[in-house]
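The structure appears below as structure tokens.
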Amino acid sequence: FSAGRLPEIYQNSAGTREIEWAALYGNVMKIPGPLGLDRFLIADPKALQYILHGAGYRFNKDPERRATGHLLTGPGLLWVRGDDHKRQRKVMLPGFGAPEARSYIPIFSSNANKMLGKWRDLLNDSNSSEIVVDAPAWLSRATLDALGHAAFDYNFGALDNDDNELARAYRHVLPQLLGAPSKNVVLFVALWRYIPEFIIKYIVEDIPSVRTTPAKYTGQVANRVSEQLLREKMSAVALGQENKDVLSLVVKANLAEDPAAKLSHEELLAQLRTLILAGHETTANSLSWAFLELAQQPHIQDNLRAEIRVAEKACRSPEWTWKGLEAMPYLNAVVKETLRFHNVVPLPQDRLPINDEVVPLSKPVTLTDGRVVHELFIPKGTHILPASYVYNMDPDIWGADAHKFNPDRWINNHKGGNIDYSLGMYANLMSFSAGIRGCIGWRFAVLEMQAFLVEAVNAFEFIPHPDASKIVRQFCGVMAPTVEGRKERGSQMPLVIKYAPQASDDEV
61 FSAGRLPEIY
71 QNSAGTREIE
81 WAALYGNVMK
91 IPGPLGLDRF
101 LIADPKALQY
111 ILHGAGYRFN
121 KDPERRATGH
131 LLTGPGLLWV
141 RGDDHKRQRK
151 VMLPGFGAPE
161 ARSYIPIFSS
171 NANKMLGKWR
181 DLLNDSNSSE
191 IVVDAPAWLS
201 RATLDALGHA
211 AFDYNFGALD
221 NDDNELARAY
231 RHVLPQLLGA
241 PSKNVVLFVA
251 LWRYIPEFII
261 KYIVEDIPSV
271 RTTPAKYTGQ
281 VANRVSEQLL
291 REKMSAVALG
301 QENKDVLSLV
311 VKANLAEDPA
321 AKLSHEELLA
331 QLRTLILAGH
341 ETTANSLSWA
351 FLELAQQPHI
361 QDNLRAEIRV
371 AEKACRSPEW
381 TWKGLEAMPY
391 LNAVVKETLR
401 FHNVVPLPQD
411 RLPINDEVVP
421 LSKPVTLTDG
431 RVVHELFIPK
441 GTHILPASYV
451 YNMDPDIWGA
461 DAHKFNPDRW
471 INNHKGGNID
481 YSLGMYANLM
491 SFSAGIRGCI
501 GWRFAVLEMQ
511 AFLVEAVNAF
521 EFIPHPDASK
531 IVRQFCGVMA
541 PTVEGRKERG
551 SQMPLVIKYA
561 PQASDDEV
């Protein structure tokens, strides 16, 4: 048996192998998979739109990855399929509308400033004008606290406690569970397609292993915290003590649903666990990559800081608003370019058509037998890898310099990319996936990134650490920053910080 080419994707820096293949063969490829079963690697925008959006629920997530997803979140939005997904999404959406997300901006700014206050204390206590911080470690705790306040009206206290149990449980769980699987692991997981799902669930959740045991612990901690949050919130809503946090809105929406459409207690718990998993670590990683780019390209950092200070002067308000953040074109360009260039979900879960499908293509493809086709026949049950990282780096869409971090590409192209139709949840990017299974919290994430960047860049200057050249993109379901030679330590990105230069007369 062979593991095919999948280990090359998983064991190399995230996106590296797919980009190399796309340069050779185009953005639709058939690659050898485990057990001799070919898989399609697809980055064609029209095909992605069809698979993720146009076809509805006719493409399922693969059962192998669903098993590990269930371990971390339970039967929540990331796990369920078809009508159950539609039902859950309907109940969850009221917590993630545009007005709701915008109301959380003061919470994001407050938690950003709390983190920066800790940095000031460290800097003031040092005997130097600069110190080293581990960006993802700090940002993970800060975004977890921000999530707690905005989503649950609850203080997790991660920034106040270096050894916070919940923060510690999630800190390295994805690299431990999904990072750089060996050929044997890839083969073993591929065999699951021939095993009933209840047996797979038993293998993952009840048989100890170096990969699944930490994830099981994380799930148990998250379940205990979620149980407490849900119990308190349901009591508060029953007494009319409602708030505008996500959980209050979801509980209220669930109470208003027809009994047949309501979420069960287990499903509500799963939504909380899903929010905790997806609602802080991905944003923390995105911000870490943004800080690294600002450190490595000082002119971008200087331009952004100048814009922030001019906007701050014009704002004349102690708190940033949505209009204030949206009025900064360079800030939004940096956010979009970070999400494009450092797509933290470079390869979303495989999709499998439940029936034979004919998928449309934006450009013709030449098959190995020489035939040129404008649509692709995909047999039932074939694994499809939506190559979102390749799409986000496609020169035909993003320009000849697509492999360069360049926020200026967004200044005169607010729509995003050179395509004739809309794809993705935000700015035609695949960073939040697309369609009915796209990330419902994308507004939450974008506004949080804006708020954190404004506060951090205004206060501090970011400088590359000597280990900056050793930072690699580890694929572990998400794209986590790790240091070459120290991957066993999980997510890491050392950065040097010092106080930002004082504002000039033009900025004051």
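Numbering (this note's numbering) for the sequence shown: 61 to 568. Just so it is clear, CB atoms sit at the ideal spot from N, CA and C, and this is done for glycine as well.
Work out the CA separation of residue 306 and residue 430 for me, nearest whole Å.
Here residue 430 is taken as the residue at index 370 of the sequence shown, counted from 1. Here residue 306 is taken as the residue at index 246 of the sequence shown, counted from 1. The alpha-carbon atoms of residue 430 and residue 306 are separated by roughly 53 Å.
Is the distance from the Cβ of residue 64 to the Cβ of residue 246 below 9 Å?
Numbered from its first residue, the sequence shown carries residue 64 at position 4. Numbered from its first residue, the sequence shown carries residue 246 at position 186. Yes, the pair counts as a contact, with Cβ atoms nearer than the cut-off.
Buried or exposed: residue 361, going by 16 or more other Cβ atoms within 10 Å of its Cβ?
Residue mapping note: residue 361 aligns to position 301 of the sequence shown, counting from 1. With 16 or more Cβ atoms within 10 Å of its Cβ, residue 361 is classed as buried.
Per DSSP, residue 417 is paired with what?
Numbered from 1 along the sequence shown, position 357 holds the residue referred to as residue 417. Looking at the DSSP assignment, residue 417 forms a beta bridge with 438.
Start and end residues, beta strand (DSSP E) containing residue 445
The sequence position of residue 445 within the sequence shown is 385, counting from 1. Where residue 445 is concerned, the enclosing beta strand (DSSP E) stretches over 444–446.
Under 9 Å between the Cβ atoms of residue 236 and residue 196?
As a working mapping, residue 236 is identified with position 176 in the sequence shown. As a working mapping, residue 196 is identified with position 136 in the sequence shown. Going by C-beta atoms, residue 236 is not nearer than 9 Å to residue 196.
Nearest-angstrom Cα separation, counted from residue 310 out to residue 78
Position 18 of the sequence shown holds residue 78. Position 250 of the sequence shown holds residue 310. The alpha-carbon atoms of residue 78 and residue 310 are separated by roughly 39 Å.
Where residue 164 falls: helix, strand or coil (DSSP):
Here the question's residue 164 lines up with position 104 in the sequence shown. Residue 164: coil per DSSP, three-state reduction.
Whole-angstrom distance between residue 564 and residue 234, CA atom to CA atom:
Locating residue 234 in the sequence shown gives position 174, counting from the first residue. Locating residue 564 in the sequence shown gives position 504, counting from the first residue. Cα to Cα, the separation comes out at about 43 Å.
Kindly indicate which three-state DSSP category residue 92 falls into: helix, strand or coil?
Start at 1 with the first residue of the sequence shown, and residue 92 comes out as number 32. Strand at residue 92.
Straight-line CA distance for residue 343 to residue 398?
The count along the sequence shown starts at 1 and reaches residue 343 at position 283. The count along the sequence shown starts at 1 and reaches residue 398 at position 338. In this model, residue 343 and residue 398 are separated by some 11 Å (Cα to Cα).
Just curious, the alpha helix (DSSP H) that residue 69 is in, first and last residue?
Stepping through the sequence shown from its first residue, residue 69 is reached at position 9. For residue 69, the uninterrupted alpha helix (DSSP H) segment begins and ends at 66–71.
By the DSSP assignment, the beta strand (DSSP E) with residue 524 in it spans what residues?
In the sequence shown, residue 524 corresponds to position 464, counting from 1. 520–524 is the span of the beta strand (DSSP E), which, as asked, contains residue 524.
Is the stretch 406–424 touching the stretch 508–518, taking contact as three or more C-beta pairs under 8 Å?
no
Where does residue 504 fall in DSSP's three states?
In the sequence shown, residue 504 corresponds to position 444, counting from 1. In the structure shown, residue 504 sits in a helix (DSSP, three-state: H, G or I).
contact_flag[the stretch 175–191, the stretch 541–561] where n(CB pairs < 8 Å) is 3 or more:
yes
Where the beta strand (DSSP E) containing residue 540 begins and where it ends:
Position 480 of the sequence shown holds residue 540. Segment 538–543, the beta strand (DSSP E) holding residue 540.
Three CB pairs or more closer than 8 Å across the stretch 486–501 and the stretch 103–114:
yes
Please report the residue range of the alpha helix (DSSP H) in which residue 427 lies.
Here residue 427 corresponds to residue number 367 of the sequence shown, with the count starting at 1. Neither: residue 427 is in no alpha helix (DSSP H) and is coded neither H nor E.
Segments of 4+ residues assigned as alpha helix (DSSP H) that fall wholly inside the stretch 143–192:
158–163, 165–185
Can you list, in chain order, the residues of its chain with a C-beta nearer than 7 Å to that of residue 495? Leave out the 5 residues immediately preceding and following it.
Taking the first residue of the sequence shown as position 1, residue 495 is located at position 435. Result list for residue 495: 112, 113, in chain order.
Can you tell me where the alpha helix (DSSP H) holding residue 561 begins and where it ends?
Translated into positions along the sequence shown, residue 561 becomes position 501. Element bounds for residue 561: n/a, residue is neither H nor E.
Flag this pair as touching only if the stretch 147–160 and the stretch 448–463 have three or more C-beta atom pairs under 8 Å; answer yes or no.
no
Take every Cβ of the stretch 384–396, pair it with every Cβ of the stretch 366–374, and state whether three or more of those distances are shorter than 8 Å.
By the criterion of at least three beta-carbon pairs nearer than 8 Å, the stretch 384–396 is in contact with the stretch 366–374.
Cβ-based burial, residue 316 [other Cβ within 10 Å; buried from 16]
Start at 1 with the first residue of the sequence shown, and residue 316 comes out as number 256. Residue 316 should be labelled exposed.
Taking the beta carbon of residue 128 as the centre, do at least 16 other beta carbons fall within 10 Å, making it buried, or is it exposed?
Looking up residue 128 in the sequence shown gives position 68. By the neighbour-count rule (16 or more Cβ atoms within 10 Å), residue 128 is buried.
For residue 337 versus residue 282, is the C-beta distance shorter than 9 Å?
Position 277 of the sequence shown, counted from the first residue, corresponds to residue 337. Position 222 of the sequence shown, counted from the first residue, corresponds to residue 282. A contact, by the Cβ cut-off of 9 Å.
Let's test the definition: count the other Cβ atoms within 10 Å of the Cβ of residue 417 and tell me whether it reaches 16, buried, or not, exposed.
Here residue 417 refers to the residue found at position 357 of the sequence shown. Buried: at least 16 other Cβ atoms inside 10 Å.
Looking at the unbroken alpha helix (DSSP H) that takes in residue 480, where does it start and where does it end?
Taking the first residue of the sequence shown as position 1, residue 480 is located at position 420. Neither: residue 480 is in no alpha helix (DSSP H) and is coded neither H nor E.
With burial defined as no fewer than 16 other Cβ atoms inside 10 Å of the residue's Cβ, what is the status of residue 550: buried or exposed?
Translated into the one-based positions of the sequence shown, residue 550 becomes position 490. It is buried - the Cβ of residue 550 has at least 16 other Cβ atoms within 10 Å.
Is the Cβ-Cβ distance between residue 202 and residue 161 less than 9 Å?
In the sequence shown, residue 202 corresponds to position 142, counting from 1. In the sequence shown, residue 161 corresponds to position 101, counting from 1. For residue 202 and residue 161, no; Cβs fall outside 9 Å.
Three-state secondary structure (DSSP) of residue 404:
Taking the sequence shown and counting its residues from 1, one reaches residue 404 at position 344. Note: residue 404 maps to coil in three-state DSSP.
How many whole angstroms separate the CB atoms of residue 532 and residue 404, which I take to be in contact at a CB cut-off of 8 Å?
Your numbering for residue 532 matches position 472 in the sequence shown. Your numbering for residue 404 matches position 344 in the sequence shown. Incorrect: roughly 14 Å between the Cβ atoms, too far for contact.
Flag this pair as yes or no: are the beta carbons of residue 447 and residue 407 separated by less than 9 Å?
Mapped onto the sequence shown, residue 447 falls at position 387. Mapped onto the sequence shown, residue 407 falls at position 347. Cβ distance < 9 Å, so residue 447 and residue 407 count as in contact.
Close beta carbons around residue 435, own chain, < 7 Å, minus the five adjacent residues each side:
Counting from one through the sequence shown, the residue named residue 435 turns up at place 375. These residues qualify, in order along the chain: 418, 419, 420, 421.
Taking all protein chains shown into account, decide if residue 254 is buried (16 or more other Cβ within 10 angstroms of its Cβ) or exposed.
Along the sequence shown, one-based indexing puts residue 254 at 194. Flag for residue 254 reads exposed.
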